[in-house]
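K.L.:
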Amino acid sequence: MFDVLPGTGLALPHRAGVLRFGMSGQDAQWAVSTLADVRETWVCQAGWAFTADYEGLELLVYGDCTDRLGRTDRDDHGLAAVHLRRYDSKPTGPTGPSAVPVVLHDVDLFGYPAAEVLAALDPGPTPV
Numbered sequence: 037m038f039d040v041l042p043g044t045g046l047a048l049p050h051r052a053g054v055l056r057f058g059m060s061g062q063d064a065q066w067a068v069s070t071l072a073d074v075r076e077t078w079v080c081q082a083g084w085a086f087t088a089d090y091e092g093l094e095l096l097v098y099g100d101c102t103d104r105l106g107r108t109d110r111d112d113h114g115l116a117a118v119h120l121r122r123y124d125s126k127p128t129g130p131t132g133p134s135a136v137p138v139v140l141h142d143v144d145l146f147g148y149p150a151a152e153v154l155a156a157l158d159p160g161p162t163p164v
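So the sequence shown is numbered by the numbering used here: it starts at 37 and just counts up by one.
1. Going by the beta-carbon positions, is the gap between A135 and L71 smaller than 9 Å?
2. Does A135 come out as helix, strand or coil in the three-state DSSP assignment?
3. Here's a check: name, in chain order, each residue in its chain whose Cβ is nearer than 6 Å to the Cβ of V97, leaving out the five neighbours to either side.
4. By a C-beta neighbour count over all protein chains shown, 10 Å radius and 16 as the cutoff for buried, is G43 buried or exposed?
5. With DSSP as the reference, identify every bridge partner of E94, one or two as the case may be.
6. Go ahead and pull the three-state DSSP assignment for V68.
7. Could you tell me which residues DSSP pairs with A47 in its beta bridges?
8. Please tell me whether M59 and P137 are closer than 9 Å, where the distance is taken between their beta carbons.
9. Could you give the residue range of the alpha helix (DSSP H) that holds L145?
10. With a threshold of 16 other CB atoms inside 10 Å of the CB of L48, please say whether the residue is buried or exposed.
11. Per DSSP, what are the beta-bridge partners of E152 in this structure?
12. Can you tell me whether L154 is buried or exposed? The criterion is at least 16 other CB atoms within 10 Å of its CB, across all chains shown.
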């Protein structure tokens, strides 16, 4: 199970560790490599980036980013982002729940239709 930790990062399955915002690219690659093969890739304005496929999910991890104008004096050092997406070799795309849960606040983000996930995560009306 992947556990999304807002403000912290992403807990990996099988006690492989936590991808924490600000951690080094080497440490992030090491943690992910215990689950899947890591392939380097390129992301605009990132100092490092890699992808990995794990049981129907693709992770894109990158960091050491310059600001939007490319000013290096305002770099964000370490892990900046983790993207997870489902993939499937079928032309229709994935159907049904993912093989590995991706959880945010005890809700499996890829296990239910989008409307049900949004309803489960909705905090409800804000009192005035």
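Just so it is clear, CB atoms sit at the ideal spot from N, CA and C, and this is done for glycine as well.
Nothing here was measured: the structure is a model prediction, and the numbers come from that model.
P.N.:
So, from the data block:
1. Cβ distance not < 9 Å, so A135 and L71 don't count as in contact.
2. Reduced to three states, the DSSP call for A135 is coil.
3. For V97, where only same-chain residues beyond five positions count, the Cβ hits under 6 Å are A64, F86 and V118.
4. So G43 counts as exposed.
5. DSSP output for E94 lists D89 and R121 as bridge partner(s).
6. Reduced to three states, the DSSP call for V68 is helix.
7. Looking at the DSSP output, A47 bridges to D39 and V54.
8. A distance of 9 Å or more separates the beta carbons of M59 and P137.
9. That residue, L145, is in no alpha helix (DSSP H); it is neither H nor E in DSSP.
10. Answer is buried; the Cβ neighbour count reaches 16.
11. Looking at the DSSP assignment, E152 forms no beta bridge with any residue, so it has no partner.
12. The residue in question, L154, is exposed, as its Cβ has fewer than 16 Cβ neighbours within 10 Å.
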